[in-house]
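J.:
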Amino acid sequence: MSDNVARRGFLVGGAVLLAAGCTSNEPAAAPTSAAPAPAPTGGNDQPGNKVVIGFSAPAADHGWIAAIAKNAESAAKQYTDIEFKPVEPTNDINQQISAVETLIAAKVNALVILPNDGQQLNQVALQATAAGIPVINLDRIFPDKLAYRTWIGGDNYGMGVAAGHYIGTQLKNKNVSNPVIVEIQGIATLPLTQDRTKGFADALKTYGFSVTAKQDAQFTVETGNEVATSLLQAHKKIDALWNHDDDQGVGVLAAIKEASRNEFIMVGGAGSLNAMKEIQSGSSVLQATVTYSPTMASSAIKLARLIAQEKGMSDLVENQVPQSITLASETITKENVEKYLALGFES
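Counting from 1, position 340 in the sequence shown corresponds to residue 340 in the UniProt record's numbering; the numbering is continuous, with no gaps.
1. Less than 7 Å separating the beta-carbons of residue 108 and residue 48?
2. Are three or more beta carbon pairs between the region 281 to 291 and the region 60 to 76 nearer than 8 Å?
3. Bridge partners of residue 182, per DSSP?
4. Reducing DSSP to helix, strand and coil, say where residue 259 ends up.
5. Reducing DSSP to helix, strand and coil, say where residue 326 ends up.
6. In three-state terms, what does DSSP make of residue 60?
7. Tell me whether the region 308 to 316 and the region 233 to 243 touch, counting them as touching only if at least three CB pairs, one residue from each stretch, are closer than 8 Å.
8. Sort 164, 159, 120 by Cα distance to residue 144 and report the nearest one.
9. Please name the residue or residues paired with residue 264 in a DSSP beta bridge.
10. Is any heavy atom in the ligand HEM found nearer than 6 Å to the beta carbon of residue 314?
11. For the alpha helix (DSSP H) containing residue 288, name the first residue and the last one.
12. Could you have a look at residue 85 and say whether DSSP puts it in helix, strand or coil?
13. Within the continuous alpha helix (DSSP H) that includes residue 221, where are the two ends?
14. Could you check how far apart the C-beta atoms of residue 168 and residue 199 are, in whole angstroms? I think they sit under 8 Å.
15. If I measure Cβ to Cβ from residue 232 and keep anything under 8 Å in the same chain, skipping five residues before and after, which residues do I get?
16. Taking only the alpha-carbon atoms, compute the straight-line gap between residue 292 and residue 312 and give it to the nearest angstrom.
17. Tell me, please, which residues DSSP counts as bridged to residue 204.
18. Of all the options 221, 215, 230, 222, which has the alpha carbon lying nearest to the alpha carbon of residue 242?
19. Indicate whether residue 301 and residue 152 have their beta-carbon atoms separated by less than 7 Å.
20. Considering only residues of the same chain and omitting the five flanking positions on each side of residue 188, which have a CB-CB separation below 6 Å?
21. I need the boundaries of the alpha helix (DSSP H) containing residue 161, first residue and last residue.
22. If you draw a straight line from the alpha carbon of residue 304 to that of residue 112, how long is it in whole angstroms?
23. Give me whichever residues DSSP pairs with residue 138 in a beta bridge.
24. Looking only at C-alpha atoms, which of 321, 332, 320 sits nearest to residue 270?
25. Does the contact criterion of 3 or more C-beta pairs under 8 Å hold for the region 202 to 210 versus the region 164 to 178?
26. Report the three-state DSSP secondary structure of residue 176 (helix, strand or coil).
27. Using beta-carbon positions only, say whether residue 247 and residue 329 come within less than 7 Å of one another.
28. With DSSP as the reference, label residue 90 as helix, strand or coil.
29. Under a three-way DSSP split, which group does residue 189 fall into?
30. How would you call residue 116, buried or exposed, if buried means at least 16 neighbouring beta carbons within 10 angstroms?
31. Would you tell me roughly how many angstroms separate the C-alpha atoms of residue 336 and residue 290, rounded to the nearest one?
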């Protein structure tokens, strides 16, 4: 993902693959609604050979994951030539492996898989590929490139870069020197979190800034609240705060409001509807969020359909869908938030 505010994307048969929330499956469940998508109009969206698309993802134990499932289902319903075959979502690795094996046995035409863990699901994805079933790997990547036909997901490093540039620009405009910058991560041991942190540090470095303190909050509302409370107590003055995930950000914001702190700017991560409404209000410390949108699931279904029907992407010269698509991280602020509201998910 990049730090550009302007909307970016790729086109699949006339439908925009919008820039990419969070990838943990830690608890913070909430109801969600699928992002509305335009009805198919022409070109690759014209009905073709009927295809059966299998779908497997973790259980919806927080807003981003819930939106993944709903976006996938919503995209499939746009097409009369898709039979959508989801399996029971689960956070148990062995159960997800078994569920994918049932889809392989059913001889679906394509598989869209968001694995609980790419490493541990790698072998079953290889089984699907060996059986002649193209796998569209969603977000959490399989380590073996032979395990998937196409990967689509967000840019975690770019998320950090986008947040770092927004904060760096704001602080420079205010002539702040030696700022106190706080970072609230998701799960510190995950590569995705480490990528976000590195992108953030690299971007801040271009302004001569660095992170004063960081702590992980496990992608949960409760831990977000606890960590934010602790950091606020430890730092009597803060200039900027980046929270990696809007789901856990519900707890972070609650702690900030409880402490009656408003001397700093805050940037979120993912693009939840809750965060967008805070930004839109103009009265919150939360002034921006950098996207990692669950609309990527809609795009994965569209890609699966094209691959199963042996079509390419209509706006590209090549005859086949690319092997890898990384979505851009866009910066949502009060100035452009209205363009993104329809894409937000409930935390």
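Even for Gly, the Cβ is constructed at its ideal location relative to N, Cα and C. These numbers come from a predicted model, not from an experiment.
T.: Let me lay it out:
1. no
2. no
3. 213, 241
4. coil
5. Strand at residue 326.
6. Per DSSP, reduced to three states, the secondary structure at residue 60 is coil, with no helix or strand assignment.
7. no
8. 120
9. Answer is none; residue 264 lacks a bridge partner.
10. You won't find the ligand HEM in this model; it holds no ligand whatsoever.
11. According to the DSSP assignment, residue 288 belongs to no alpha helix (DSSP H) but to the beta strand (DSSP E) extending over 286 to 291.
12. Correct three-state label for residue 85: strand.
13. 221 to 234
14. With 8 Å as the limit, residue 168 and residue 199 do not qualify as a contact, their Cβ atoms being about 12 Å apart.
15. 238, 255, 256, 259, 261
16. 25 Å
17. Looking at the DSSP assignment, residue 204 forms no beta bridge with any residue, so it has no partner.
18. 215
19. no
20. 216
21. 156 to 173
22. Residue 304 and residue 112 have their C-alpha atoms roughly 7 Å apart.
23. Bridge partners of residue 138: 152.
24. 332
25. Between the region 202 to 210 and the region 164 to 178 there are three or more C-beta pairs closer than 8 Å, enough to call the two in contact.
26. coil
27. For residue 247 and residue 329, no; Cβs fall outside 7 Å.
28. coil
29. coil
30. The residue is buried, with at least 16 neighbouring Cβ atoms inside 10 Å.
31. 12 Å
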